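Enquirer: This is the structure I have questions about; it appears just below.
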Amino acid sequence: KNCEEVPKSKKLLKFTLDDGSGKERTILSGIKEYYSAEELIGKTLLAICNLPPRKMMGIDSEGMIISAICEYDGEEKLNLIMLDDNIPAGSKLY
7 KNCEEVPKSK
17 KLLKFTLDDG
27 SGKERTILSG
37 IKEYYSAEEL
47 IGKTLLAICN
57 LPPRKMMGID
67 SEGMIISAIC
77 EYDGEEKLNL
87 IMLDDNIPAG
97 SKLY
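Here the sequence shown stands for residues 7 to 100, numbered as in the numbering used here.
Written out as structure tokens, the structure is:
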């Protein structure tokens, strides 16, 4: 639904997600050096949502965005796991 920078944080982006439960879920992720908030708005991402909330920068983070780190041209890059937009929010993994 939305992604924005967390004020006063060098690393965190704040995601407001539709997790299929009918309520919005907030997840913070330290990926600001790899992605801008604007390029992630509207993307379908993979997240772990059954984790206990963790407070960061005074905000409760209610899950974890899943990513992979790969080496390109001798440099490590973080890549978010993005899904096809046809997969509905809240779909379960097996």
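Glycine included, C-beta positions come from ideal geometry on N, C-alpha and C. A quick note: this is a predicted structure, and the numbers were derived from the prediction, not measured.
1) Am I right that Ser67 and Ile33 are in contact with their C-beta atoms under 8 Å? What's the rounded C-beta distance?
2) Excluding the five sequence neighbours on either side, which residues of its own chain have a C-beta within less than 8 Å of the C-beta of Leu89, listed in chain order?
3) Starting from Leu34, trace the beta strand (DSSP E) both ways and give me its first and last residue.
4) Return the CA-CA distance between Arg60 and Gly80, expressed in angstroms with no decimal places.
5) The alpha helix (DSSP H) that contains Leu46, what's its start and end?
Expert: Straight from the coordinates:
1) 5 Å
2) Thr50, Leu51 and Leu52
3) Glu30 to Ser35
4) 34 Å
5) Ala43 to Leu46
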